[in-house]
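Sequential numbering of the sequence shown, starting at 0, is according to numbering that gives the first Met the number 0.
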Amino acid sequence: MSRRALRRLRGEQRGQEPLGPGALQFDLRDDDDAEEEGPKRELGVRRPGGAGKEGVRVNNRFELINIDDLEDDPVVNGERSGCALTDAAAPGNKGRGQRGNTESKTDGDVTETAPSEQSHASGKLRKKKKKQKNKKSSAGEASENGLEDIDRILERIEDSTGLNRPGPAPLSSRKHVLYVEHRPRQRQRVYPKCTWLTTPKSTWPRYSKPGLSMRLLESKKGLSFFAFEHSEEYQQAQHKFLVAVESMEPNNIVVLLQTSPYHVDSLLQLSDACRFQEDQEMARDLVERALYSMECAFHPLFSLTSGACRLDYRRPENRSFYLALYKQMSFLEKRGCPRTALEYCKLILSLEPDEDPLCMLLLIDHLALRARNYEYLIRLFQEWEAHRNLSQLPNFAFSVPLAYFLLSQQTDLPECERSSARQKASLLIQQALTMFPGVLLPLLESCSVRPDASVSSHRFFGPSAEISQPPALSQLVNLYLGRSHFLWKEPATMSWLEENVHEVLQAVDAGDPAVEACENRRKVLYQRAPRNIHRHVILSEIKEAVAALPPDVTTQSVMGFDPLPPSDTIYSYVRPERLSPISHGNTIALFFRSLLPNYTMEGERPEEGVAGGLNRNQGLNRLMLAVRDMMANFHLNDLEAPHEDDAEGEGEWD
0 MSRRALRRLR
10 GEQRGQEPLG
20 PGALQFDLRD
30 DDDAEEEGPK
40 RELGVRRPGG
50 AGKEGVRVNN
60 RFELINIDDL
70 EDDPVVNGER
80 SGCALTDAAA
90 PGNKGRGQRG
100 NTESKTDGDV
110 TETAPSEQSH
120 ASGKLRKKKK
130 KQKNKKSSAG
140 EASENGLEDI
150 DRILERIEDS
160 TGLNRPGPAP
170 LSSRKHVLYV
180 EHRPRQRQRV
190 YPKCTWLTTP
200 KSTWPRYSKP
210 GLSMRLLESK
220 KGLSFFAFEH
230 SEEYQQAQHK
240 FLVAVESMEP
250 NNIVVLLQTS
260 PYHVDSLLQL
270 SDACRFQEDQ
280 EMARDLVERA
290 LYSMECAFHP
300 LFSLTSGACR
310 LDYRRPENRS
320 FYLALYKQMS
330 FLEKRGCPRT
340 ALEYCKLILS
350 LEPDEDPLCM
360 LLLIDHLALR
370 ARNYEYLIRL
380 FQEWEAHRNL
390 SQLPNFAFSV
400 PLAYFLLSQQ
410 TDLPECERSS
420 ARQKASLLIQ
430 QALTMFPGVL
440 LPLLESCSVR
450 PDASVSSHRF
460 FGPSAEISQP
470 PALSQLVNLY
480 LGRSHFLWKE
490 PATMSWLEEN
500 VHEVLQAVDA
510 GDPAVEACEN
520 RRKVLYQRAP
530 RNIHRHVILS
540 EIKEAVAALP
550 PDVTTQSVMG
560 FDPLPPSDTI
570 YSYVRPERLS
580 PISHGNTIAL
590 FFRSLLPNYT
600 MEGERPEEGV
610 AGGLNRNQGL
620 NRLMLAVRDM
630 MANFHLNDLE
640 APHEDDAEGE
650 GEWD
């Protein structure tokens with residue numbers, strides 16, 4: 000029986016009991032009991048330094064702190080002076096005299112004065128109840144400010160302890176330039192595993208740990224270094240995969256996936272084969288399964304979004320994650336999801352931004368422009384130009400001024416900002432044209448624009464400008480034009496470009512010393528492209544850029560699951576020797592051989608009884624039939640049982 004019912008049986012009424020020392024306390028009962036007992040007892044708390052002011056009813060402990068008064072007090076060591084906490088807010092505090100004389104009296108004294116003050120106290124309680132409605136909004140604001148103060152105090156306590164957790168460093172109010180934005184996904188009830196990169200599908204085989212894991216190597220200077228690891232079972236699967244590649248028999252890879260359905264390199268290898276066979280859906284499905292397998296192996300402290308986690312590309316176990324992310328990013332871009340593809344690009348770059356093994360700096364500007372995220376591209380250029388010399392890359396030299404110009408075309412910006420962006424765009428595009436004159440005519444040709452005779456016949460922008468540039472620079476120019484030329488096709492963009500071309504010609508004719516300085520810089524900087532640029536060109540599959548690869552790259556075997564491995568590879572376990580039966584040929588043929596081991600060019604490795612050698616499409620057809628047969632054998636009864644609290648569904652930005 001509740002207390003309220005007991006009082007009714009005794010004939011007692013609420014508010015007629017004597018006020019004792021225990022009346023001025025917080026009511027810590029559950030909400031259900033409080034509802035049964037009716038209105039709670041009111042607690043009068045006087046403002047510090049204002050004994051004559053009327054008390055304020057407190058429903059939240061943080062409301063005991065008067066924010067208005069505290070803002071006027073100075074801050075000393077993270078705390079405000081002149082703030083006295085009561086017993087209710089700080090147990091053990093002995094400063095009870097500030098509440099008045101009532102608490103200093105004995106129990107007998109309080110009992111004697113209670114009858115004379117009974118009506119006054121009950122009336123005062125009713126007035127406070129009415130005032131509480133009017134002060135509800137202001138009390139809420141005070142509560143929020145109090146919570147913010149507590150958050151700052153907790154941060155100072157963590158800083159004072161000096162503890163350095165191995166996880167990623169906390170983000171400041173201004174996020175890191177490589178911070179990956181991730182949209183919360185809708186919940187679905189399919190799998191219990193919560194993943195961010197992809198969502199498991201019902202057509203996939205039942206997941207069991209393949210022996211892939213991740214460990215934390217070290218943490219220093221706010222960065223955490225991780226590495227994937229292969230168990231003995233996974234190492235055996237990896238050895239079988241390498242043997243299957245060397246055996247020239249694609250069915251061996253399919254057989255390996257039947258026994259190890261989440262072996263990452265095999266999934267990526269078959270994905271490339273399906274993509275060349277124009278089966279984009281199956282190719283993407285295999286890449287997503289590879290990503291799911293690797294995400295299930297993440298270390299608890301590994302963060303995809305912070306930009307503070309590192310994976311060393313020199314370790315072969317880590318390279319599969321790079322390549323899987325790159326392939327997924329390419330699929331997203333082709334499907335018209337540039338914003339999501341940009342986040343994947345930032346993620347790949349954040350894994351090793353200094354070395355940039357896949358050279359994502361050659362792509363991130365393109366994705367930012369396609370996603371219309373001009374502010375991000377400008378910010379990246381401003382923060383990294385000083386130590387990365389981004390203006391020496393043709394793609395950044397032309398994309399950044401284009402971003403400024405497109406920003407100046409936005410009508411929702413103030414006129415002063417638009418004018419400033421237009422001036423900055425003109426300045427940067429003139430510098431880009433001066434540094435890379437060989438870009439202009441191929442760009443106009445790609446956009447089907449005929450230049451003026453004064454431009455095409457000028458010695459600075461004429462055909463000699465393209466011919467005279469170093470081969471490494473030609474490779475970068477071809478890569479940029481093959482990927483981003485369509486971004487310049489707008490009439491307003493072409494009109495703006497034409498104006499600045501004539502400005503550059505006037506500077507050249509006037510003998511501007513910057514022209515000669517840029518020419519000398521081109522001869523020094525672009526003698527030879529580094530290995531990560533060659534790796535990026537191979538992955539991009541842009542014909543013009545691949546054709547410009549140097550002979551030392553085109554004559555070596557290029558494996559699809561590990562293109563151009565670093566010379567300083569860090570091996571964690573002994574692998575069998577990988578012997579390539581064919582050590583000659585062009586890059587495209589070698590790349591097909593790595594994808595399809597039995598692929599041959601005409602006249603190479605003729606089989607018995609087959610005139611002219613094996614047909615180049617026969618291996619593709621056999622492999623695709625085997626993959627389709629393998630996928631058809633997966634049934635729904637192989638899946639895990641659904642759970643109530645399951646993973647979140649995949650959500651894309653676009």
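C-beta: ideal position from N, C-alpha, C; glycine also.
Taking C-beta separations shorter than 6 Å and ignoring five residues to either side along the sequence, the partners of Leu389 in its chain run Phe380, Trp383, Phe395, following chain order. Less than 7 Å separates the beta-carbon of Leu266 from that of Ala289. In the DSSP annotation of this structure, the continuous segment of the beta strand (DSSP E) that includes Ala226 starts and ends at 222–229. Here Phe225 really is in contact with Leu216; their C-beta atoms are around 6 Å apart, less than 8 Å. For Cys273, the enclosing alpha helix (DSSP H) stretches over residues 263–275. Under DSSP, the beta-bridge partners assigned to Asp561 are Met558.
Asp311 is the residue among Gln257, Ile428, Leu524, Asp311 whose C-alpha sits nearest the C-alpha of Leu348. Secondary structure at Arg458: coil, using DSSP grouped into helix, strand and coil. DSSP places Ser212 inside the beta strand (DSSP E), whose first and last residues are 211–219. Straight across, the Cα-Cα distance linking Leu480 with Ala296 is about 39 Å. Separation of Val573 and Thr194 (C-alpha to C-alpha, rounded to the nearest whole angstrom) is 32 Å. Of the residues Val242, Asn317, Lys220, Pro249, the one whose Cα lies closest to the Cα of Arg214 is Asn317. Per DSSP, Arg309 is one residue of the beta strand (DSSP E) stretching across 308–310.
For a cut-off of 8 Å, the C-beta gap from Glu332 to Ala323 is around 15 Å, too long to register as a contact. Here DSSP, grouped into helix, strand and coil, assigns His238 to helix.
For Ser270, same chain residues with a beta-carbon under 7 Å away, outside a window of 5 residues either side, are Ala282, Leu285, Val286, Lys326 in chain order. Within the same chain, Cβ atoms closer than 6 Å to the Cβ of Asn477 are found at Glu543, Ala544, Ala547, the five residues on either side in sequence being excluded. Within the same chain, no Cβ atom closer than 6 Å to the Cβ of Thr554 is found once the five residues on either side in sequence are excluded. DSSP, read as helix, strand or coil, puts Gln526 in coil. Annotated as proximal: Cys344 and Leu366, with beta-carbon spacing under 7 Å.
The Cβ atoms of Pro393 and Ala424 lie no closer than 7 Å to each other. In the three-state DSSP reduction, Cys358 falls in the coil class, being neither helix nor strand.
A buried status is given to Glu342, since no fewer than 16 other beta-carbon atoms sit within 10 Å of its beta-carbon. Straight-line measurement puts the Cα of Leu196 at about 16 Å from the Cα of Cys308. Between the alpha carbons of Lys220 and Asp353 lies a gap of roughly 15 Å. Secondary structure of Ala370 (DSSP, three-state): coil. His386 carries a helical assignment under DSSP once its states are collapsed to helix, strand and coil.
For Ala528, the number of other beta carbons within 10 angstroms of its own is at least 16, and it is reported as buried.
The beta carbon of Arg369 sits closer than 7 Å to the beta carbons of Pro337 from its chain, once the five residues preceding and following it are set aside; these are given in chain order. With fewer than 16 other beta carbons inside 10 angstroms of its own, Lys522 counts as exposed.
Boundaries of the alpha helix (DSSP H) around Pro490: 490–508.
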